[in-house]
């Protein structure tokens, strides 16, 4: 994914900055809890095509976080 393009993209619903989830191939809006897919290196910025993020995906990442209670 092109870094300059990523820097310009915002959530189409709330205009918040998006976070690139490389492994998932998605752009995440933590504010709205949506994941926008990236298909053939093209972000699909349509709310109807987005999926809801799970609770774990919404939590901030930290180096020691394993997801285990």
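Numbering (my numbering), first residue to last: 230 to 298. Beta carbons are placed, not taken as given, at the ideal position from N, Cα and C, and that holds for glycine.
Any idea if residue 252 is buried or exposed, counting beta-carbon neighbours within 10 angstroms, 16 or more meaning buried? exposed
Assign residue 267 to one of two classes, buried (16 or more other C-beta atoms within 10 Å of its C-beta) or exposed (fewer than that). buried
Reducing DSSP to helix, strand and coil, say where residue 239 ends up. strand
Apply the 10 Å Cβ neighbour rule to residue 275 and answer buried if 16 or more other Cβ atoms are within range, or exposed otherwise. exposed
Using a Cβ-Cβ cutoff of less than 6 Å, which residues in the same chain neighbour residue 250 once the five nearest sequence positions on both sides are dropped? 257
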